[in-house]
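Asker: My questions all concern the structure below.
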Amino acid sequence: MAGPLVSQLCALLGNQHFPSQLASILSNHNANQSYESKDHLVLRIEGSICTKDASRSALPDSILLGSIDLKDGQVIPYSQITPTATPPRDNETDENTPPTPRSIQNEEVHPPKRHKTVSGLRPSRHLQPAGTTVESPEPDHSVDTHSEDQDTVSGSVRQVHSDTGFPQRRKAGQDYNPPVLEPTSTDKLIAGIWRQMYSPVKLSRTPTVVEPTINIRTGVSGDVFRAVNTLCMKYYNQCQSSRALEMIVQAYWIECYEARIAVIRLENPHLSSTEARMTALKEACAVLNWKEKDLRNRMAIWRGYKEIKDAGGWPSLIFASSGVYRFCKYRTGFGEGFSTRLRHIRSSLEVAADTLHPEWRDLLHVIGQGDTPRQYHGHPHEWVTVTGEPALPLHATYVHLNLPNGFHYRFIDECVLDAAVFGEEDPRRVPDLDPDICQVCKSKQADDVEQNQCSCFPVLFGGVKGPAPVQIFSTASGKNNGVVARVNFDRGAAIGEFVGLITNGISGVDVMVGGTKGRTYQIYQGEMGNFTRFINHSCRPNSQFQRFYWRGQERIIVVSRGIVAGREITVDYSDHYWKQLNKVCLCGELCCRFRGSNR
24 MAGPLVSQLC ALLGNQHFPS QLASILSNHN ANQSYESKDH LVLRIEGSIC TKDASRSALP
84 DSILLGSIDL KDGQVIPYSQ ITPTATPPRD NETDENTPPT PRSIQNEEVH PPKRHKTVSG
144 LRPSRHLQPA GTTVESPEPD HSVDTHSEDQ DTVSGSVRQV HSDTGFPQRR KAGQDYNPPV
204 LEPTSTDKLI AGIWRQMYSP VKLSRTPTVV EPTINIRTGV SGDVFRAVNT LCMKYYNQCQ
264 SSRALEMIVQ AYWIECYEAR IAVIRLENPH LSSTEARMTA LKEACAVLNW KEKDLRNRMA
324 IWRGYKEIKD AGGWPSLIFA SSGVYRFCKY RTGFGEGFST RLRHIRSSLE VAADTLHPEW
384 RDLLHVIGQG DTPRQYHGHP HEWVTVTGEP ALPLHATYVH LNLPNGFHYR FIDECVLDAA
444 VFGEEDPRRV PDLDPDICQV CKSKQADDVE QNQCSCFPVL FGGVKGPAPV QIFSTASGKN
504 NGVVARVNFD RGAAIGEFVG LITNGISGVD VMVGGTKGRT YQIYQGEMGN FTRFINHSCR
564 PNSQFQRFYW RGQERIIVVS RGIVAGREIT VDYSDHYWKQ LNKVCLCGEL CCRFRGSNR
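With my numbering applied, the sequence shown covers 24 to 622.
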């Protein structure tokens with residue numbers, strides 16, 4: 024037997040049992056006489072590629088390493104080895120072999136697998152109610168979603184459909200967007216104003232030292248931690264209030280300084296404008312106890328505060344973010360378009376400030392202007408903003424409808440169930456659906472923020488809720504009112520929930536249809552709802568209606584496809600909606616499907 028070579032293989036491969044295994048095979052062959060006497064045995068050595076984990080199968084191809092003649096122990100040269108033909112595997116096809124009808128049929132039945140990237144926020148297929156439609160209201164707008172079961176609702180119902188998946192969100196570390204211009208200093212300033220406007224900050228002109236009601240140095244128990252959080256929020260509010268008060272006084276100082284110069288010149292006609300300015304400057308330094316150079320440096324920043332206030336009103340300065348100091352110091356954004364942009368949104372800022380932070384005017388008491396009357400009352404969306412002009416009451420923008428009792432609309436945060444139709448049973452509840460598990464992320468859902476683990480749409484469900492950063496505005500394209508985004512909405516982010524009266528059997532008006540075949544319902548926003556009623560149609564929308572299941576109930580939400588602050592929010596009302604109307608689409612897109620009245 025080939026002892027030396029076998030020993031070398033044992034040492035090389037670390038397999039000490041190899042000689043005994045080989046001897047056992049040879050003894051079995053000798054006993055069975057499975058080969059002719061004139062033949063002699065050859066040890067054929069092959070190798071294959073596999074992973075380190077031995078439990079996994081090797082790759083299909085093997086490599087012939089060589090052979091050893093077991094009779095004389097000599098190596099058989101590789102050139103004398105005749106490899107045995109390896110039959111093709113079932114999933115391998117020779118390039119030169121023409122396709123047979125059987126192979127073509129197999130390819131059609133079992134096409135090559137195609138890996139498709141899908142969003143993590145895509146509901147399960149069995150939860151997508153076949154024939155469910157999502158409708159949108161606003162008679163002078165348009166809306167879309169896609170397939171719908173025509174047997175589910177009456178053909179006379181104008182409805183919006185939503186069977187598309189959630190907009191895909193950008194994966195971490197990957198950038199799918201083309202290069203874009205960086206926001207300017209003015210863009211950042213205005214964005215900061217709107218963010219602060221929709222924050223939960225509470226402004227007050229009387230900052231005081233706030234002390235905790237319990238001993239917060241006795242260990243961080245639940246009560247202690249809540250007390251510290253309360254303390255943190257109170258001082259955060261005071262910090263914002265103090266900064267706002269400082270800017271108010273400094274902007275007003277510039278007004279007084281310029282007025283003082285005018286008075287000095289009237290009292291001393293012989294002084295030049297420069298001399299009058301120097302006189303006023305020295306008067307200020309004597310009281311402030313600052314050097315003239317220090318005051319001049321500060322005046323440049325204070326003058327910027329005044330310019331912001333003059334263009335955008337006091338709210339634009341009071342709710343400016345911390346970056347306003349740098350903006351005014353370096354004055355990189357004070358161009359011709361800066362004041363114009365602020366003037367265009369001046370009334371919009373005042374609407375948001377008066378309705379979301381009615382206490383802000385109290386800060387003006389520090390300069391004796393706290394008695395300025397409040398201009399806008401009620402819900403933030405009860406006012407329609409107009410570019411460069413005062414906002415209008417919502418009902419005043421629907422006078423052209425000639426309604427018998429005028430236009431009345433009640434803003435609500437949650438849907439109202441029509442007890443006359445459904446009684447106490449909410450048709451949005453899906454039978455046999457676990458109300459504690461999210462169907463998208465499979466995490467626990469709870470209305471309690473501390474207990475909830477589902478983070479699919481924290482702005483709407485399971486998180487701290489705030490006012491939607493959107494406003495109703497008057498469009499310039501004949502669509503009457505629309506909805507404008509005041510902050511950026513990333514792709515896949517929720518904008519708001521479609522809420523209204525949950526009923527059934529309505530026809531001839533715009534409704535949103537939800538549920539499944541045999542378990543349908545309608546959401547009607549004719550008399551109550553929220554801002555989603557005023558979202559206009561576009562054949563190239565930047566948002567979409569989408570179903571989401573929260574606590575076992577179906578909810579219709581508006582999800583962004585990527586919206587930049589200042590842009591109108593639009594959806595596609597669907598072909599089904601437009602085919603029932605003799606109206607012309609006013610979206611103005613080049614891809615508009617409904618420019619004409621014949622459809």
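The C-beta atom is built at its ideal place from N, Cα and C for all residues, glycine as well.
Does DSSP put residue 441 in a helix, in a strand, or in coil?
Answerer: Correct three-state label for residue 441: coil.
Asker: According to DSSP, residue 551 sits in a beta bridge with which residue or residues?
Answerer: For residue 551, which the question treats as bridged, DSSP gives the partners 433.
Asker: Go ahead and label residue 396 buried or exposed: buried means 16 or more other beta carbons lie within 10 angstroms of its beta carbon, across all protein chains shown.
Answerer: Flag for residue 396 reads exposed.
Asker: Are residue 413 and residue 405 touching if we call contact CB-CB under 8 Å?
Answerer: Result no, Cβ atoms of residue 413 and residue 405 do not sit closer than 8 Å.
Asker: Would you list the one or two residues that DSSP bridges to residue 69?
Answerer: Residue 69 is bridged to 87.
Asker: Which value, in whole angstroms, describes the spacing of the CA atoms of residue 534 and residue 596?
Answerer: Approximately 11 Å, taken between the alpha carbons.
Asker: When you compare only the Cα positions, how much space is there between residue 459 and residue 574?
Answerer: One C-alpha to the other measures close to 6 Å.
Asker: Starting from residue 511, trace the alpha helix (DSSP H) both ways and give me its first and last residue.
Answerer: Careful: residue 511 lies outside any alpha helix (DSSP H) and carries neither H nor E.
Asker: Relative to the alpha-carbon of residue 271, which residue among 234, 330 and 301 has its alpha-carbon at the smallest distance?
Answerer: Checking every option, the nearest Cα to that of residue 271 belongs to 330.
Asker: Note down the Cα distance separating residue 462 from residue 576, rounded to an integer number of angstroms.
Answerer: Rounded to the nearest angstrom, the two C-alpha atoms are 11 Å apart.
Asker: Excluding sequence positions up to five away, which residues of its chain have a Cβ less than 8 Å from the Cβ of residue 226?
Answerer: Taken in chain order, the residues that qualify are 260, 263, 264, 267, 341, 380, 382, 383, 385 and 386.
Asker: Is the CB-CB distance between residue 392 and residue 377 below 8 Å?
Answerer: The answer is no: Cβ separation not under 8 Å.
Asker: For residue 42, which residues in the same chain have their Cβ closer than 6 Å to its Cβ, ignoring the five residues on either side in sequence?
Answerer: Counting only Cβ-Cβ distances below 6 Å, and skipping sequence neighbours, we find 29.
Asker: Roughly how many angstroms separate the alpha carbons of residue 482 and residue 296, rounded to a whole number?
Answerer: So the alpha carbons of these two residues sit roughly 56 Å apart.
Asker: Just how far apart, CA to CA, sit residue 468 and residue 455?
Answerer: Whole-angstrom Cα-Cα distance: 16 Å.
Asker: In this structure, does DSSP put residue 15 in helix, strand or coil?
Answerer: It is not possible to answer for residue 15, since the shown part of the chain is limited to 24 through 622.
Asker: Once you ignore the five residues that flank residue 566 on each side, which residues in its own chain have a CB closer than 7 Å to its CB?
Answerer: Cβ within range, chain order: 518, 581, 582, 583, 584, 586, 592, 593 and 594.
Asker: With DSSP as the reference, label residue 416 as helix, strand or coil.
Answerer: DSSP places residue 416 in strand when its eight states are reduced to three.
Asker: Just how far apart, CA to CA, sit residue 477 and residue 471?
Answerer: Between residue 477 and residue 471, the C-alpha separation is close to 11 Å.
Asker: Can you tell me where the alpha helix (DSSP H) holding residue 330 begins and where it ends?
Answerer: Element bounds for residue 330: 315-335.
Asker: Do the stretch 523-532 and the stretch 440-449 touch if we need at least three Cβ pairs shorter than 8 Å?
Answerer: Short answer: they touch.
Asker: Using 8 Å for Cβ pairs, my map puts residue 402 next to residue 418. What's the rounded Cβ distance?
Answerer: Going by Cβ atoms, the distance from residue 402 to residue 418 rounds to 12 Å, so no, they are not a contact pair.
Asker: Would you please state the rounded distance, in angstroms, between the beta carbons of residue 388 and residue 616? I believe it to be under 8 Å.
Answerer: Residue 388 to residue 616, Cβ: 56 Å. No contact.
Asker: Ends of the beta strand (DSSP E) at residue 603?
Answerer: Residue 603 -> no beta strand (DSSP E), and no H or E assigned at all.
Asker: Is it buried or exposed for residue 335, if we count other Cβ within 10 angstroms and need 16 for buried?
Answerer: By the neighbour-count rule (16 or more Cβ atoms within 10 Å), residue 335 is buried.
Asker: Just how far apart, CA to CA, sit residue 290 and residue 423?
Answerer: Distance between the alpha carbons of residue 290 and residue 423 is about 58 Å.
Asker: Just tell me which of 39, 374, 509 and 452 has its CA closest to the CA of residue 538.
Answerer: Measuring from the Cα of residue 538, the nearest candidate turns out to be 452.
Asker: I'd like to know whether the C-beta atoms of residue 325 and residue 274 end up nearer to each other than 8 Å.
Answerer: Yes, Cβ-Cβ distance for residue 325 and residue 274 is below 8 Å.
Asker: What span of residues does the beta strand (DSSP E) with residue 520 cover, start to end?
Answerer: Segment 517-520, the beta strand (DSSP E) holding residue 520.
Asker: If we count the other Cβ atoms within 10 Å of its Cβ and call it buried at 16 or more, is residue 352 buried or exposed?
Answerer: Exposed, because fewer than 16 other Cβ atoms sit within 10 Å of the Cβ of residue 352.
Asker: If you drop the 5 nearest sequence neighbours on each side, which residues of the same chain put their C-beta closer than 8 Å to that of residue 501?
Answerer: Excluding positions up to five away in sequence, the list reads 609.
Asker: Under 6 Å Cβ to Cβ from residue 492, same chain only, skipping five residues before and after it: list those, please.
Answerer: 221, 509 and 510.
Asker: Tell me the residue span of the beta strand (DSSP E) that contains residue 572.
Answerer: Segment 566-573, the beta strand (DSSP E) holding residue 572.
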